[in-house]
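Trainee: Got a structure for you, questions after.
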Amino acid sequence: MAEGKADISMIGQFGVGFYSAYLVADKVVVHTKHNDDEQYIWESEAGGHFTIRRDNGPELVRGTKIVLHLKEDQLDYLEERKIKDIVKRHSQFIQYPINLLVKKEEEKEVEEQEEKKENETDTEEEKKKETKKKKVKEVKHEWEQLNKNKPLWLRNTSEITKQEYADFYKGLTNDWEEHLSVKHFKVEGQLEFTAMLFVPKRAPFDLFESRKKMNNIKLYVRRVFIMDNCDELI
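Add 31 to the 1-based position in the sequence shown for the working numbering, that's all there is to it.
This is the structure in structure tokens:
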């Protein structure tokens with residue numbers, strides 16, 4: 032078991048986003064495997080210390096698995112609805128698929144046959160009449176991809192149809208109507224960005240609500256959501 036030395040800074044080793052895990056977790060365990068190397072475990076409870084050791088558990092073949100040991104007051108992050116909301120808000124345009132193991136219930140009809148007394152016989156027609164059907168709930172688990180939306184702003188405007196703009200707008204805003212107009216453009220210079228500005232058909236009912244948090248201009252960097260009030264770019 033090797034311990035991280037005091038002169039090794041944890042910040043920047045994995046990227047700033049990785050350490051946001053400690054906002055909800057007491058301990059983070061990373062299992063990782065490279066094609067040309069052994070499988071290792073990196074483990075830390077923050078505080079500037081970490082350990083690295085060989086992983087003798089199930090082989091990953093290749094890649095990384097991250098396990099978060101959640102704090103007692105952060106267990107709501109295990110809820111399916113919570114996870115879906117976070118992915119939709121921050122990572123719905125990530126190019127790699129984000130899958131969640133979800134529980135689904137399905138109703139199925141099964142035949143229910145009445146039990147007969149001993150030595151009692153029935154004709155085929157009577158058996159059919161006595162066979163009843165009842166509905167039962169079947170629970171199954173399956174993987175569901177959460178980030179199916181594509182970053183439309185990265186495509187050439189000449190390749191995008193009106194329907195694609197409409198579908199993107201509805202998915203982003205949850206509006207039941209299509210947009211009135213859209214402006215898709217690119218700015219180049221000291222600051223470079225691509226933008227899509229949508230004008231809705233109807234003004235929101237809380238347009239003049241002073242206490243409402245503004246979220247008109249959303250900023251994405253490398254397909255990741257950064258902020259929802261970026262008026263400085265306009």
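Yeah, the Cβ is synthetic: ideal placement off N, Cα and C, and Gly gets one too.
Who are ARG85's beta bridge partners in DSSP?
Mentor: In the DSSP output, where bridge partners are listed per residue, ARG85 has TYR71.
Trainee: Would you call MET258 buried or exposed, if buried means 16 or more other Cβ atoms sit within 10 Å of its Cβ?
Mentor: Burial call: exposed.
Trainee: Using 9 Å as the threshold, is the C-beta distance between VAL60 and GLU69 below it?
Mentor: Cβ distance not < 9 Å, so VAL60 and GLU69 don't count as in contact.
Trainee: Taking 8 Å as the cut-off, does the region 228-237 touch the region 194-210 (at least 3 CB pairs, one atom from each stretch)?
Mentor: Contact holds: three or more Cβ-Cβ distances are below 8 Å.
Trainee: Compute the Euclidean distance between the alpha carbons of ASP198 and GLN176, then round it to the nearest angstrom.
Mentor: The alpha-carbon atoms of ASP198 and GLN176 are separated by roughly 18 Å.
Trainee: Would you give the residue range spanned by the beta strand (DSSP E) that GLY78 belongs to?
Mentor: Here GLY78 belongs to no beta strand (DSSP E), and DSSP marks it neither H nor E.
Trainee: Among GLU111, LYS119, VAL141, GLU140, which residue has its Cα nearest to the Cα of VAL133?
Mentor: When each option's Cα is compared against that of VAL133, the closest is GLU111.
Trainee: For GLU140, which three-state DSSP category applies?
Mentor: The answer is strand: DSSP assigns GLU140 an E or B state.
Trainee: Checking 9 Å against the spacing of the C-beta atoms, do TYR108 and ALA77 come in under that value?
Mentor: No, the Cβ-Cβ distance between TYR108 and ALA77 is not below 9 Å.
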